[in-house]
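Peer 1:
What follows is the structure, given as structure tokens:
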């Protein structure tokens, strides 16, 4: 039973939509059916939005084993709400974020996260900018890029995992 926090149905073709697609594909590969009531939308990607979405899940009767938050900020909000409700992370509920922000290394417990290759992101962004600046009449086609990433396992999913 894995819930997702961070859907943004009012935006299309953004990272939230891609992460929702990845979440659903991962469920499918694990032979788990997606449950729309366990997919919580947010209006913004701040900690208070993660806490609000986590409260909505729990208040709606959901008792997930894990939560995948589409950003670390949302995950930290969900983690805070879980603590205020007396849930032990990861014993009662595992939480995973995305972005590998520094605060996740200092949360309690430390936050498991998907870490994108930030150097590659910066390099590709600068290359795209240079292509646009130096191309005749700024005619540069849109790109669909996949940036390498890795799972950083910390204590929000595995008791005793490295804290960093």
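Numbering (the working numbering), first residue to last: 38 to 201.
Quick reminder that beta carbons are idealized off the backbone N, C-alpha and C, glycines included.
Within 10 angstroms of the Cβ of residue 17, are there 16 or more other Cβ atoms? Answer buried if so, exposed if not.
Peer 2: As displayed, the chain neither begins before 38 nor continues past 201, which places residue 17 out of reach and without an answer.
Peer 1: Within the region 62-148, note down every full beta strand (DSSP E) run reaching 3 residues or more, in order along the chain.
Peer 2: Runs of the beta strand (DSSP E) inside the region 62-148: 76-78, 103-106, 131-135.
Peer 1: Just to confirm the assignment, what range does the beta strand (DSSP E) spanning residue 188 have?
Peer 2: If you number the chain shown from 1, residue 188 lands on position 151. That run of the beta strand (DSSP E) goes 186-189.
Peer 1: Can you find the residues in the same chain that come closer than 6 Å, C-beta to C-beta, to residue 158, ignoring five residues on each side of it along the sequence?
Peer 2: Within the chain shown, the letter at position 121 stands for residue 158. Same-chain partners within the cutoff: 184.
Peer 1: Find out if the Cβ-Cβ distance for the pair residue 111, residue 42 is shorter than 8 Å.
Peer 2: The residue labelled residue 111 in the question sits at position 74 within the chain shown. The residue labelled residue 42 in the question sits at position 5 within the chain shown. Contact flag set, yes.
Peer 1: Tell me the residue span of the alpha helix (DSSP H) that contains residue 163.
Peer 2: Here residue 163 refers to the residue found at position 126 when the chain shown is read from its first residue. Residues 155-171.
Peer 1: Can you give the Cα-Cα distance for residue 60 and residue 119, rounded to whole angstroms?
Peer 2: Start at 1 with the first residue of the chain shown, and residue 60 comes out as number 23. Start at 1 with the first residue of the chain shown, and residue 119 comes out as number 82. Approximately 21 Å between the Cα atoms of the pair.
Peer 1: Given a cut-off of 8 Å on the beta-carbon distance, is the pair residue 64 and residue 53 in contact?
Peer 2: Residue mapping note: residue 64 aligns to position 27 of the chain shown, counting from 1. Residue mapping note: residue 53 aligns to position 16 of the chain shown, counting from 1. Not closer than 8 Å, so no.
Peer 1: Thinking C-alpha only, which one of 39, 51, 145, 82 is nearest residue 69?
Peer 2: Position 32 of the chain shown, counted from the start, is the residue given in the question as residue 69. Looking at the Cα atoms, 39 is the closest of the given residues.
Peer 1: Would you report the Cα separation of residue 128 and residue 169, rounded to the nearest angstrom?
Peer 2: To locate residue 128, count along the chain shown from 1; it is residue 91. To locate residue 169, count along the chain shown from 1; it is residue 132. Rounded to whole angstroms, residue 128 to residue 169 spans 50 Å at the Cα level.
Peer 1: Give the DSSP-derived three-state secondary structure of residue 59 in the structure shown.
Peer 2: Counted from its first residue, the chain shown places residue 59 at position 22. Note: residue 59 maps to helix in three-state DSSP.
Peer 1: Since residue 163 contacts residue 140 with CB under 8 Å, what's their CB separation in whole angstroms?
Peer 2: Along the chain shown, read from residue 1 onward, the residue named residue 163 stands at position 126. Along the chain shown, read from residue 1 onward, the residue named residue 140 stands at position 103. Residue 163 to residue 140, Cβ: 26 Å. No contact.
Peer 1: I need the DSSP call for residue 194, collapsed to helix, strand or coil.
Peer 2: For this step, residue 194 is matched to residue 157 along the chain shown. Coil, per DSSP.
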